[in-house]
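Below: one structure, written as structure tokens.
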């Protein structure tokens with residue numbers, strides 16, 4: 001789909017409701033960006049001026065087509081818009097040809113050091129128009145403050161709302177992503193579940209360590225009993241062998257000695273012969 005068939009400015013929502021400060025030399029400028037169904041509008045205010053001076057610059061569809069072409073896709077338009085918004089948010093801005101003289105032709109330059117910087121011509125507002133715009137800005141700030149109990153600045157516990165808008169858009173903006181606070185409220189249960197799981201795991205690890213210590217103690221006791229038994233058996237065996245070696249051995253009786261009195265020789269007995277009846 002070409003740019004001639006779509007609403008070009010409907011793809012520039014990323015540039016709506018933006019605000020930035022620009023420090024340049026001794027001057028400080030506030031820059032506001034807004035998008036409606038007619039144009040992309042830039043307002044630049046000189047904050048350190050006693051006169052309250054404001055400048056305004058606009059880009060319509062034809063100005064945008066000079067950069068993206070008359071026939072381009074929605075993807076290219078959104079990419080171009082996002083690139084400009086990123087440059088704006090990063091503060092890569094400059095007041096080109098700055099001069100405090102009335103009627104000076106100054107501009108807002110986005111990406112002054114880029115290969116193709118974007119320059120939007122600025123025209124100074126009359127004191128009446130400047131005062132009217134200032135009142136409008138404060139009205140938008142007051143409207144946003146209602147959600148903070150009319151406080152000018154949000155407290156630390158408040159969810160910071162989008163920057164005050166300064167546009168009169170008629171098209172529907174893209175859906176807003178959930179605010180961080182809801183995510184923060186949804187996170188604690190996950191964290192608690194993780195802590196509970198970790199605690200359970202620590203308890204299981206402690207039980208396992210205790211079981212290992214019990215087994216090690218039991219094994220050590222069994223080894224000690226076995227060692228004591230081996231030492232006891234060795235001691236008994238060594239004692240018997242030593243006793244057998246040290247016991248006096250009995251002297252063998254002298255051959256022919258008396259068994260009753262080994263110091264005496266055994267008596268010799270002569271066999272008695274008896275005569276037979278035939279000798280008579």
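Residue numbers (UniProt numbering): 1 to 280. Don't be surprised by glycine CBs; every beta carbon is placed ideally from N, CA and C. Keep in mind it's a predicted model, so treat the numbers as computed, not measured.
Could you name the residues of the same chain whose beta carbon sits closer than 6 angstroms to that of residue i, not counting the 5 residues immediately before and after it, in chain order?
i	result
residue 104	none
residue 18	33 and 88
When the distance is taken between beta carbons, is residue j closer than 8 angstroms to residue i?
i	j	result
residue 72	residue 111	no
residue 95	residue 12	no
residue 106	residue 59	no
residue 20	residue 38	no
residue 77	residue 68	yes
residue 53	residue 130	yes
residue 120	residue 57	yes
Figure out for me which residue from the options has the closest Cα to the Cα of residue i.
i	options	result
residue 51	218, 154, 92 and 124	124
residue 91	97, 98 and 83	83
residue 62	137, 79 and 40	40
residue 99	138, 157 and 24	24
residue 75	7, 114, 202 and 227	7
Less than 8 angstroms between the CB atoms is what I'm expecting for residue i and residue j, so what's the real figure, rounded?
i	j	result
residue 15	residue 33	5 angstroms
residue 132	residue 42	The pair is not a contact, with the Cβ atoms about 17 angstroms apart (cut-off 8 angstroms).
residue 151	residue 145	6 angstroms
residue 22	residue 122	Between residue 122 and residue 22 the Cβ distance is about 12 angstroms, and since that is not below 8 angstroms, they are no contact.
Tell me which same chain residues have a C-beta within less than 7 angstroms of the C-beta of residue i, skipping the five on either side of it?
i	result
residue 27	46 and 48
residue 205	none
For residue i, collect the residues of the same chain with a Cβ closer than 8 angstroms to its Cβ; drop the 5 residues on either side in sequence, then sort them by chain order.
i	result
residue 127	51 and 52
residue 102	124
residue 97	104, 105, 106 and 107
Any heavy atom of the ligand FAD closer than 7 angstroms to the Cβ of residue i?
i	result
residue 199	The ligand FAD is not among the ligands present in this structure, which contains no ligands whatsoever.
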